[in-house]
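Shown next, in structure tokens, is the structure this report addresses.
Residue numbers (the working numbering): 6 to 348.
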């Protein structure tokens, strides 16, 4: 198998702020894997706080030898091999996993969603994310969200209520909230959670610091809204300690090293009686379609990557009435691939 890669700076439509930082673009590594003439595409979205970069991804890829793997692929073995090269670096590992899943589907002539047992009729609506900003900018961002049935709101600073009130002045659609570990006082947090419940908030991601298991568990026991682990759960091995501390988890392929382990995390969460939100980083249609293939297995979806960016190098996925439409195409079903993308 031959790997080709391309550095790509994904530009955001608006500056994107969460509780701890702001960014205007995201570095990506786009992958093309050639397996006996069958091409698979993958993507690593390397958001800065995860610690990956063009340099780390390039160094990692130089150590990868996929020629040892033959079809049918053993994805558990492949992830074990990648983990043995270097710890961490889940995004570039995800890019490899996604590309191999794309190849697998093309060899079998089946869509990835069919291989993973996902029913397209059970596709959840996906949310459109609004970062922390001024009321004026938030109102402008909401205009871009007119085709979405759910809004996801970043909170975790001093103006949380102002942000929600601004959104509620323009729309009454259900809201998802992501505090990104921004709340530190349990009493203030539970008071805010009850207020958010009255504002039509459906779920809250990572209310308190990921290391504060007791604090998050305390909130979970009292919250009228499902609380989900995000930063607190990266990979499958993180899940055992979370049982009972949250109502559910946020699975992101850039954290889980791709589709195979992301699917394993969904199954394990369900075995725990936990709910699942499948989310994304800043991503093109490539990684988004990989997550969309698993989305019907989940309770909620937050897969808005292509709609938050200005220079998606692929065709936008089909999106109707707030939901992605899964096409009966082999592999990821990625379209709009130009011949010069990897030159």
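Ideal Cβ positions, reconstructed from N, Cα and C, are used throughout, including at glycine.
Start-to-end residues for the beta strand (DSSP E) that takes in residue i
i	result
residue 12	7–22
residue 50	43–50
residue 33	27–40
Three-state secondary structure (DSSP) of residue i
i	result
residue 255	strand
residue 346	coil
residue 89	helix
residue 98	helix
residue 297	helix
Cα-Cα separation between residue i and residue j, rounded to whole angstroms
i	j	result
residue 188	residue 347	43 Å
residue 81	residue 102	10 Å
residue 320	residue 226	43 Å
residue 314	residue 148	15 Å
residue 195	residue 292	35 Å
residue 136	residue 159	5 Å
residue 345	residue 70	25 Å
residue 153	residue 72	43 Å
Nearest residue (CA-CA) to residue i, options the options
i	options	result
residue 214	144, 133, 201, 190	190
residue 310	9, 6, 33	33
residue 141	153, 161, 172	172
residue 216	51, 61, 185	185
residue 93	78, 62, 126, 67	62
residue 31	58, 119, 327, 237	58
residue 182	71, 51, 305	305
residue 98	65, 125, 119, 123	65
residue 252	22, 91, 279	279
residue 9	100, 51, 29	100
residue 55	144, 153, 73, 262	262
residue 302	27, 68, 89, 123	123
Endpoints, the alpha helix (DSSP H) within which residue i is located
i	result
residue 289	Element bounds for residue 289: n/a, residue is neither H nor E.
residue 140	140–148
residue 355	Since the first residue shown for the chain is 6 and the last is 348, residue 355 is missing from the structure and cannot be characterised.
residue 266	264–276
Proximal residues to residue i (C-beta, below 7 Å), its chain only, five neighbours per side dropped
i	result
residue 316	15, 16
residue 179	155, 205, 207
residue 78	105, 109
residue 248	277
Min CB distance residue i to chain C below 8 Å
i	result
residue 153	Given the protein chain composition of this structure (a single chain), no chain C is represented.
Own chain residues within Cβ distance below 6 Å of residue i, not counting five before or after
i	result
residue 373	The question about residue 373 has no answer here: the residues shown for the chain are numbered 6 through 348.
residue 108	40, 43, 45
residue 340	320
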